[in-house]
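Q:
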Amino acid sequence: MLNFLKKNTISDKNISIYYLINFCRSLVFSIPIWIVFYRRIISIEQISFLVGFQYFVNIISELPTGAFADILGKRVSIIVGFFLFSAGSFLFPFATTFLHYVVVAGLIGLADSFLSGSTEALLYDSMKQDKREREFSEVVANQGVIFQVGLVTGTILGGIIYQWNIFIPFLLEGFFLLLGGIFSFFLIEPDIDTEIFTLKNYVKQMKQGAKEAFKNSFLKKLSWFYIAVGSITWAATIYFNSSMMVDLGFSDSERGFISGSIRLLNIILLSKLLKNKKIFSERNSILFFPIIMIISFLPGILLEGWFALPFIAGAMVSSTARWIILGRMTNDHFSSKYRATAISTLSMLVGVFFILLTFISGPVIAFGTTRLMYTILGVLTIFTVVPLGKSLLNKIP
9 MLNFLKKNTI SDKNISIYYL INFCRSLVFS IPIWIVFYRR IISIEQISFL VGFQYFVNII
69 SELPTGAFAD ILGKRVSIIV GFFLFSAGSF LFPFATTFLH YVVVAGLIGL ADSFLSGSTE
129 ALLYDSMKQD KREREFSEVV ANQGVIFQVG LVTGTILGGI IYQWNIFIPF LLEGFFLLLG
189 GIFSFFLIEP DIDTEIFTLK NYVKQMKQGA KEAFKNSFLK KLSWFYIAVG SITWAATIYF
249 NSSMMVDLGF SDSERGFISG SIRLLNIILL SKLLKNKKIF SERNSILFFP IIMIISFLPG
309 ILLEGWFALP FIAGAMVSST ARWIILGRMT NDHFSSKYRA TAISTLSMLV GVFFILLTFI
369 SGPVIAFGTT RLMYTILGVL TIFTVVPLGK SLLNKIP
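Residue 95 in my numbering sits at position 87 of the sequence shown, and the numbers go up by one each step.
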């Protein structure tokens with residue numbers, strides 16, 4: 009049944025499974041409905057806390073799960089991560105109290121830390137063993153498109169299925185995550201290991217990353233610009249966009265089709281427009297973010313019904329653009345020796361501000377709905393992204 013996994017080399021086989029397990033992970037049927045499912049039992053403030061808490065658990069678990077991966081292998085870490093994710097999805101629909109949801113959120117945050125970096129690290133090591141590491145970026149890019157296709161599929165189907173049975177989307181999600189864990193058994197641990205995890209190495213990595221990210225005036229400005237854009241757009245993607253569509257009154261199936269359609273737009277932009285360096289030169293890229301973010305977020309308090317959709321789409325596109333455009337800029341300007349550690353440092357700082365935004369958002373959304381939070385994100389853009397972008401433009405020829 010799994011003959012297509014029988015490849016000639018370790019890297020061939022691991023690439024096939026890498027695509028397969030990430031597709032299983034991308035079928036997030038709960039995307040359009042998790043907010044309304046939460047609101048059946050807990051308050052908006054509690055939902056905001058859970059979103060931030062899950063990310064907090066993910067960050068603080070990076071150390072122990074990284075050590076786990078080095079002691080028992082990245083393959084085992086990936087398997088454990090998928091099984092914990094699956095358990096969280098299976099338990100989610102049966103939670104009946106806020107405390108139950110805290111436990112599930114912690115479980116999912118822990119699961120994410122087991123997977124974080126392990127899949128890409130195992131893939132890279134296996135490709136390096138076969139002397140194919142130059143193809144790594146292309147493989148990861150292909151996986152990005154596959155993942156977006158899975159998200160579109162899961163999002164559209166999730167809203168439809170929820171109308172039939174409110175538990176099935178979570179159970180289906182758990183099933184495919186379980187399947188991803190089973191497929192992970194077919195991964196092959198490479199003989200080489202590019203990085204050994206220790207507390208000393210972890211601290212050293214963070215220091216090197218921070219030093220690289222902020223080593224001169226230009227990189228300081230670029231890094232803070234990346235953090236400001238990333239914090240705002242990531243919080244919107246993970247939480248506020250879904251909450252906004254609920255507040256706008258769209259039905260479960262409508263939210264599924266809307267989110268799926270916007271994600272399909274993201275796939276098109278991902279594969280075509282945003283990668284065009286002629287259109288998105290460094291100067292144009294810096295100008296792009298404050299413009300689209302202000303247009304998308306600032307009018308939030310005025311948005312109603314279908315009229316709001318272009319603004320939500322703009323918010324989602326800005327998040328996709330952060331990964332592609334700013335990711336390309338950081339890759340171009342960070343030295344190859346410390347590039348990965350510098351980007352990891354920036355991602356951690358994005359996570360810290362993401363947690364702060366979600367914790368703060370609870371009372372804001374309870375008082376003025378997600379529309380008000382959108383407007384606050386627009387104001388934050390004006391006071392952070394705009395001046396940082398203006399300062400950065402002065403450094404670009």
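Glycine included, each C-beta is placed from N, C-alpha and C at the ideal position.
Do three or more CB pairs link the region 305-323 to the region 254-265 at distances below 8 angstroms?
A: Contact holds: three or more Cβ-Cβ distances are below 8 angstroms.
Q: In terms of alpha-carbon separation, which member of Val-148, Gly-359 and Met-135 lies closest to Val-237?
A: Nearest of Val-148, Gly-359 and Met-135 to Val-237, Cα basis: Gly-359.
Q: Could you tell me whether the region 95-112 touches the region 168-188, where touching means 3 or more Cβ pairs closer than 8 angstroms?
A: Result yes; three or more Cβ-Cβ pairs closer than 8 angstroms.
Q: Less than 6 angstroms between C-beta atoms, sequence neighbours within five positions excluded: which residues of the same chain meet that for Leu-130?
A: Lys-82.
Q: Quick one: grab the DSSP three-state call for Asn-22.
A: Asn-22 falls in the helix class under three-state DSSP.
Q: Whether or not the region 235-251 and the region 135-149 are in contact is what I'm after, with contact meaning three or more pairs of Cβ atoms, one per stretch, closer than 8 angstroms; do they touch?
A: No, the region 135-149 does not touch the region 235-251.
Q: Could you tell me if Gly-397 is buried or exposed, where buried requires 16 or more neighbouring beta carbons within 10 angstroms of its beta carbon?
A: Burial call: buried.
Q: Using the beta-carbon count (16 or more within 10 Å), is Arg-330 buried or exposed?
A: The residue is buried, with at least 16 neighbouring Cβ atoms inside 10 Å.
Q: Is DSSP giving Leu-179 helix, strand or coil here?
A: In the structure shown, Leu-179 sits in a helix (DSSP, three-state: H, G or I).
Q: Report yes if the C-beta distance between Gln-216 and Thr-389 is below 8 angstroms; otherwise report no.
A: No.
Q: Less than 8 angstroms between the beta carbons of Phe-122 and Leu-92, yes or no?
A: Result yes, Cβ atoms of Phe-122 and Leu-92 sit closer than 8 angstroms.
Q: For Gly-96, which of Val-111, Arg-48 and Ile-333 has the nearest alpha-carbon?
A: Of the candidates Val-111, Arg-48 and Ile-333, the one whose C-alpha sits nearest the C-alpha of Gly-96 is Val-111.
Q: Do the region 29-44 and the region 145-155 meet, that is, are 3 or more Cβ pairs less than 8 angstroms apart?
A: Enough Cβ pairs lie closer than 8 angstroms, so yes.
Q: Which same chain residues, not among the five before or five after Asp-199, have their C-beta less than 7 angstroms away from its C-beta?
A: So the list reads Gln-137, once near-sequence residues are dropped.
Q: Taking the Cβ atom as the reference point for each residue, do Phe-37 and Gly-162 lie within a distance shorter than 8 angstroms?
A: Cβ atoms of Phe-37 and Gly-162: closer than 8 angstroms.
Q: Please give the ranges of any alpha helix (DSSP H) in the region 200-279, keeping only runs that are unbroken, at least 4 residues long and fully inside the region.
A: You should have 207-221, 225-243, 249-255 and 260-279.
Q: Quick one: Cα of Glu-128 to Cα of Ile-363, how far?
A: Glu-128 and Ile-363: Cα-Cα distance of roughly 25 angstroms.
Q: For Gly-125, name the three-state secondary structure that DSSP assigns.
A: Reduced to three states, the DSSP call for Gly-125 is coil.
Q: Among Gly-166, Ala-243, Ser-343 and Val-325, which one has its Cα closest to the Cα of Asn-274?
A: Comparing Cα-Cα distances from Asn-274 to each of Gly-166, Ala-243, Ser-343 and Val-325, the minimum goes to Val-325.
Q: Going by the CB atoms, is the gap between Phe-319 and Thr-383 shorter than 8 angstroms?
A: No. Outside cutoff.
Q: Would you please state the rounded distance, in angstroms, between the beta carbons of Leu-195 and Ile-25? I believe it to be under 8 angstroms.
A: About 5 angstroms separates the two Cβ atoms, so the contact holds.
Q: Taking the beta carbon of Lys-286 as the centre, do at least 16 other beta carbons fall within 10 Å, making it buried, or is it exposed?
A: So Lys-286 ends up on the exposed side.
Q: Could you give the residue range of the alpha helix (DSSP H) that holds Ala-323?
A: Its alpha helix (DSSP H) spans residues 317-329.
Q: If you draw a straight line from the C-alpha of Ser-19 to the C-alpha of Val-148, how long is it?
A: Approximately 13 angstroms between the Cα atoms of the pair.
Q: Look at the Cβ atom of Gln-62, then the Cβ atom of Phe-106, and state whether they are nearer than 8 angstroms.
A: Not closer than 8 angstroms, so no.
Q: So, helix, strand or coil for Lys-82, using DSSP?
A: Reduced to three states, the DSSP call for Lys-82 is helix.
Q: At what residues does the alpha helix (DSSP H) containing Ala-149 begin and finish?
A: It spans 144-172 - the alpha helix (DSSP H) in which Ala-149 sits, taken as one unbroken run.
Q: Output the distance between the C-alpha atoms of Lys-403 and Ser-94, rounded to the nearest integer angstrom.
A: Going by the C-alpha atoms only, they are around 47 angstroms apart.
Q: Taking its Cβ as the centre, do 16 or more other Cβ atoms sit within 10 Å of Trp-172, making it buried, or is it exposed?
A: Exposed: under 16 other Cβ atoms inside 10 Å.
Q: Near Ala-119, what residues of its chain come up, given a Cβ to Cβ distance below 7 angstroms and the 5 sequence neighbours on each side ignored?
A: If we look at Ala-119 and ignore the five residues flanking it on each side, its Cβ neighbours are Gly-89, Leu-92, Phe-93 and Gly-96.
Q: Reducing DSSP to helix, strand and coil, say where Leu-115 ends up.
A: DSSP places Leu-115 in helix when its eight states are reduced to three.
Q: Distance check for Thr-17 and Phe-297, CA to CA, integer angstroms please.
A: Rounded to whole angstroms, Phe-297 to Thr-17 spans 42 angstroms at the Cα level.
Q: My assumption, with CB atoms under 8 angstroms, is that Ile-67 sits in contact with Met-356. Please give the rounded CB distance.
A: About 7 angstroms separates the two Cβ atoms, so the contact holds.
Q: Could you have a look at Val-88 and say whether DSSP puts it in helix, strand or coil?
A: Looking at Val-88 - three-state DSSP - the assignment turns out to be helix.
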